[in-house]
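Protein chains: 2
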Amino acid sequence: MVVYAGQGDPRRSIELLWRGPVTEPRPGPKPGLSVDAIVDAGIAVADEQGMAFSMRAVGERLGRTAMALYTYVPGKNELVDLMYDRTMAELPTSYALEDGWRPAVTQWASDMWECYCRHPWVLQVSQARPVLGPHEFAVTEALAAILMSTGLPGRELRGIVGAINYFVRGAAQTIAEARAAGGATGEADEEWWYARSAVLLEIEPDLAKKFPMLHVLENDREPIDPSLPYLENDALENFRNGLRVLLDGIEGAVAKP
Amino acid sequence: MVVYAGQGDPRRSIELLWRGPVTEPRPGPKPGLSVDAIVDAGIAVADEQGMAFSMRAVGERLGRTAMALYTYVPGKNELVDLMYDRTMAELPTSYALEDGWRPAVTQWASDMWECYCRHPWVLQVSQARPVLGPHEFAVTEALAAILMSTGLPGRELRGIVGAINYFVRGAAQTIAEARAAGGATGEADEEWWYARSAVLLEIEPDLAKKFPMLHVLENDREPIDPSLPYLENDALENFRNGLRVLLDGIEGAVAKP
DNA sequence: ACTGATTCTTTATGCCGTAAAGTATCGACC
DNA sequence: GGTCGATACTTTACGGCATAAAGAATCAGT
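Taken in sequence, the protein lines are chains Z and W.
Residue numbering for the first sequence is 1 to 257, as defined by my numbering.
Residue numbering for the second sequence is 258 to 514, as defined by my numbering.
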């Protein structure tokens with residue numbers, strides 16, 4: 001499932017995101033649930049089952065039917081938006097700049113990466129139509145604040161903010177989704193790769209000759225840290241190297257006139 | 258829907274991807290369809306409806322029922338894999354290096370970006386468990402070949418290849434999915450933004466004060482090219498700027514020891 | 001005690017992917 | 001030339017999904 005932000009009534013969605021529910025005393029039975037409780041349950045379920053979680057599952061976790069949720073939340077899309085923004089609230093809203101922008105950006109990226117790894121389903125929320133919630137704003141504001149300290153103009157920084165965001169999301173996806181997929185099918189990542197590469201080599205024995213550069217790329221390796229799973233190790237190394245290159249590029253832009 | 262590569266029998270999937278069906282004369286009625294025809298139809302439908310296309314829709318386009326497809330393809334996941342790899346076949350498999358690696362990478366990125374924009378659903382195929390088809394390999398081989406010419410070692414290039422990939426995917430998503438969402442709901446992107454930002458400013462009037470850096474970031478703009486839709490213009494500028502920074506970073510790595 | 005708003009459940013609708021079973025069509029062999 | 005078994009495709013059916021619609025239970029204000 002791909003989730004596009006708030007396809008329903010924009011006012012209702014944005015009010016939910018920014019104000020939360022205003023609860024005055026009203027006639028009728030006391031609410032047994034709350035938007036917050038539902039969002040929390042939704043996150044818990046999505047952490048376990050991925051973005052394909054069902055309204056039934058969320059309801060069940062709260063001891064209700066799926067339909068009970070619709071009293072508090074207009075639909076699944078809006079719930080996902082709320083879950084997304086709540087997740088962003090886990091992240092710091094500002095970073096120390098004493099040692100300069102570079103370690104601050106690095107820290108921002110690491111925090112983000114870890115958050116994505118805790119909640120892989122977040123990576124499935126469309127970037128195209130942002131959720132526009134307060135915490136998403138805050139997270140981006142934090143990055144923007146760091147980068148502003150470079151003195152680069154805003155129109156240049158937009159592309160850079162994008163690049164950092166894309167990079168972290170992409171890097172997190174390679175590992176976070178792999179973990180999620182492993183969890184869903186019960187097939188660990190290592191096994192998945194093992195099964196596939198064996199068949200691939202059997203069917204296409206001269207793979208290395210057909211794609212020589214890829215072969216070099218894949219096989220130029222340092223000794224592997226055995227404390228980490230193979231793929232995770234790989235992903236972390238690529239994350240660090242890629243981020244370093246990206247930051248070098250920013251440094252170049254800062255140094256230039 | 259998120260699609261993880263080939264959850265079924267790995268051998269069957271990989272054979273379909275690499276060999277195509279081996280058709281010897283057999284008893285029974287002549288096949289009226291083919292894997293190729295189904296993949297083409299699938300791509301056409303997905304281009305229109307996004308990743309949430311249905312097997313029924315693909316079948317209908319071919320004048321068959323959904324179940325007829327299962328004669329040729331084990332399931333929807335495998336079909337998506339085939340569609341993905343076929344889409345990658347649209348891209349060049351090598352790039353001229355006469356002017357150096359930088360214009361070549363730029364061209365690769367542009368081709369990729371355009372391909373993603375033609376087929377936005379491709380961005381929903383998980384990167385974590387690659388499809389492992391011949392054309393996906395070829396596309397990555399093309400990028401690896403360009404970057405090898407920098408002389409950088411493979412273990413450094415892995416992170417760089419990743420970073421470029423993530424960047425292009427991310428940048429393409431901001432615009433491609435926006436278009437797709439607009440198409441699906443019939444609500445153009447401009448209108449979507451207009452409706453949302455109006456409500457947002459109404460509910461949170463001092464947004465600019467709460468997120469001052471974002472405000473600067475968003476409002477430091479050159480005069481806008483009126484021949485392009487606003488968002489598209491923005492996305493293209495960010496793509497160019499971001500890619501430039503990334504390539505500068507690679508240049509730095511090349512220049513170093 | 002009654003009214004009307006509110007919470008939550010029940011039921012039902014229309015999608016989805018696909019399993020299972022049935023029908024029609026063909027090649028190969030007797 | 002008739003039969004057998006494999007193949008292509010359709011029909012039907014199942015369980016799952018989001019959610020619309022209607023009903024039951026609960027409470028505040030009159």
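The C-beta atom is built at its ideal place from N, Cα and C for all residues, glycine as well.
Straight-line Cα distance separating residue j from residue i
i        : j        : result
W/Ala510 : W/Leu464 : 40 Å
W/Glu448 : Z/Val131 : 16 Å
W/Ala361 : W/Ile295 : 34 Å
Z/Thr93  : Z/His135 : 9 Å
Z/Ala46  : Z/Gly162 : 26 Å
Z/Gln124 : Z/Met51  : 7 Å
Z/Arg102 : W/Arg415 : 22 Å
W/Ala395 : W/Met324 : 32 Å
Z/Arg11  : Z/Gly28  : 25 Å
Z/Tyr194 : Z/Leu201 : 11 Å
Z/Gly42  : W/Arg453 : 24 Å
Z/Met55  : Z/Thr65  : 8 Å
W/Leu500 : W/Leu319 : 41 Å
W/Glu281 : W/Trp275 : 17 Å
Z/Trp113 : Z/Asn165 : 10 Å
Z/Val168 : Z/Met213 : 25 Å
W/Gly289 : W/Val337 : 21 Å
W/Thr397 : Z/Tyr72  : 47 Å
Z/Asp99  : Z/Ala144 : 17 Å
W/Met405 : Z/Glu60  : 54 Å
Buried/exposed call for residue i, threshold 16 Cβ in 10 Å
i        : result
Z/Arg86  : buried
W/Asn498 : buried
W/Arg283 : exposed
Z/Leu97  : exposed
Z/Gly151 : exposed
W/Leu503 : buried
W/Ala429 : buried
W/Ala512 : exposed
W/Asn476 : exposed
Z/Pro120 : buried
W/Asp505 : buried
Z/Arg129 : buried
W/Ala455 : exposed
Contact set for residue i: own chain, Cβ-Cβ below 8 Å, skip 5 residues either direction
i        : result
Z/Lys210 : Glu204
W/Glu256 : Because chain W in this structure spans residues 258 to 514, residue 256 of chain W falls outside the shown range and cannot be described.
W/Asp266 : Pro331
Z/Ile146 : Tyr95, Leu97, Trp101, Ala104, Val105 and Trp108
W/Glu508 : Arg359
W/Gly277 : Val292 and Asp293
Z/Tyr84  : Val122, Val125, Val131, Gly133 and Glu136
Z/Ile160 : Leu147, Leu152, Ile250 and Ala253
Contact with chain Z by residue i, beta-carbon distance below 8 Å
i        : result
W/Trp370 : no
W/Asp304 : no
W/Leu273 : no
W/Val279 : no
W/Asn422 : yes
W/Gly509 : yes
W/Val502 : yes
W/Gly416 : yes
W/Gly499 : yes
W/Pro410 : yes
Residue-level contact to chain W via CB, residue i, 8 Å cutoff
i        : result
Z/Leu91  : no
Z/Trp192 : yes
Z/Val199 : yes
Z/Ile38  : no
Z/Val216 : yes
Z/Gln173 : yes
Z/Phe137 : yes
Z/Gly170 : yes
Z/Met148 : yes
Z/Ala144 : yes
Z/Arg129 : yes
Nonlocal neighbours in the same chain, by C-beta distance under 7 Å from residue i, ignoring five residues either side
i        : result
W/Leu273 : Val292, Glu335 and Leu339
Z/Val58  : Ile38, Ala41, Gly42, Val45 and Leu69
Z/Glu222 : none
Z/Asp111 : Leu91 and Pro92
Z/Lys76  : Met55
Nonlocal neighbours in the same chain, by C-beta distance under 6 Å from residue i, ignoring five residues either side
i        : result
Z/Ala235 : Thr174 and Ile175
W/His472 : Ala465
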